[in-house]
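Counting from 1, one number per residue, gives the positions in the sequence shown under the UniProt record's numbering. The structure appears below as C-alpha cells.
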Amino acid sequence: MTLLGRKIVVCAELVPEAHAERLCLGCGPVPDRVAVSTWFWPEMAGRVPPQAVRIVGAFAVARHWRTALASAVPFARYGNVAMVLPSSAALTRDYLANCLPRVRRHGVAVLLADPEGEVTLDVAGQRGGAPEQTSLSRWVHEVVYEKLLATC
Numbered sequence: 001m002t003l004l005g006r007k008i009v010v011c012a013e014l015v016p017e018a019h020a021e022r023l024c025l026g027c028g029p030v031p032d033r034v035a036v037s038t039w040f041w042p043e044m045a046g047r048v049p050p051q052a053v054r055i056v057g058a059f060a061v062a063r064h065w066r067t068a069l070a071s072a073v074p075f076a077r078y079g080n081v082a083m084v085l086p087s088s089a090a091l092t093r094d095y096l097a098n099c100l101p102r103v104r105r106h107g108v109a110v111l112l113a114d115p116e117g118e119v120t121l122d123v124a125g126q127r128g129g130a131p132e133q134t135s136l137s138r139w140v141h142e143v144v145y146e147k148l149l150a151t152c
C-alpha cells in the first residue's frame, strides 16, 4: 500500500476485543485524517473508538537501498521495519559505506533476495520502545485497519 507517500507492505494483526467493540458500536475504520485528529481534543475523551489493529512491522521492497530506506524509516515508530533488496546491491561500495551505517542508526533490518528467490538476513533490525500516541499514528492505524478488513 502507499501510506505517507511511501510504498510499503504493512504487517498488522487485528485486536479481536477492540474490533468486536467497534462492530457493536457500528464504528468501522475512519480513514479521514481530519476526523481522526479531532479524537485528541479534550472534549472527545471517552468517545473515541478503541484502536482495532496492532502494527507488527513494515517492509519496503526496492532495487536501491536509498529508495527502500526512505520508504521504511517513517514506519519505524510503529513496529519493526525491514527493507528487501536484490543481493547484488550488497556488493557495492555505496551499500557498505553509506547504507549500513544508516540502517543501523534507524534500526532497519536488511533482507537480500537472490535471483532464485531465496531471501537472507544481512542486518538485524532493532526495535525501540512503544511509540507515543499522536493523531498521525492513530490515523495510520485507522488506514491499516481499513485495508486489513478489505483483504479479509
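Quick reminder that beta carbons are idealized off the backbone N, C-alpha and C, glycines included.
Between V72 and A82, which are expected to be in contact by the criterion C-beta below 8 Å, what is the C-beta distance as a whole number of angstroms? Looking at the sequence shown, residue 72 is not Val but Ala. About 7 Å separates the CB atoms of A72 and A82; that is less than 8 Å, so the two are in contact.
Nearest-angstrom Cα separation, counted from D32 out to V143: Whole-angstrom Cα-Cα distance: 8 Å.
Give a yes or no on whether the C-beta atoms belonging to A58 and V10 are separated by under 8 Å. Taking 8 Å as the cut-off, the Cβ atoms of A58 and V10 count as close.
Identify whether T151 lies in helix, strand or coil by the three-state DSSP scheme. T151: helix per DSSP, three-state reduction.
To the nearest angstrom, report how far apart V56 and E43 are at their CA atoms. So the alpha carbons of these two residues sit roughly 31 Å apart.
Does the contact criterion of 3 or more C-beta pairs under 8 Å hold for the region 35 to 49 versus the region 131 to 145? Judged by Cβ distances under 8 Å, the region 35 to 49 makes contact with the region 131 to 145, as three or more pairs qualify.
State the CB to CB distance for the pair V15 and R47, rounded to an integer number of angstroms; the pair is presumed to be in contact (CB under 8 Å). Contact between V15 and R47 is ruled out by a C-beta separation of about 19 Å, above the 8 Å threshold.
N- and C-terminal bounds of the beta strand (DSSP E) containing V34: Where V34 is concerned, there is no enclosing beta strand (DSSP E), although the alpha helix (DSSP H) it sits in stretches over 33 to 37.
For S137, which residues in the same chain have their Cβ closer than 8 Å to its Cβ, ignoring the five residues on either side in sequence? The residues are R77, Y78, P131.
In chain order, what residues of the same chain have a beta carbon less than 6 Å from the beta carbon of N80, not counting five sequence neighbours either side? Closer than 6 Å at the Cβ level, and outside the excluded window around N80, lie G57, G125, R127.
Same chain, Cβ closer than 6 Å to A60, five either side skipped, listed in chain order: Counting only Cβ-Cβ distances below 6 Å, and skipping sequence neighbours, we find I8, A68, S71, A72, M83.
If we count the other Cβ atoms within 10 Å of its Cβ and call it buried at 16 or more, is F40 buried or exposed? It is exposed - the Cβ of F40 has fewer than 16 other Cβ atoms within 10 Å.
Name the two residues that bound the continuous beta strand (DSSP E) containing C27. That residue, C27, is in no beta strand (DSSP E); it is neither H nor E in DSSP.
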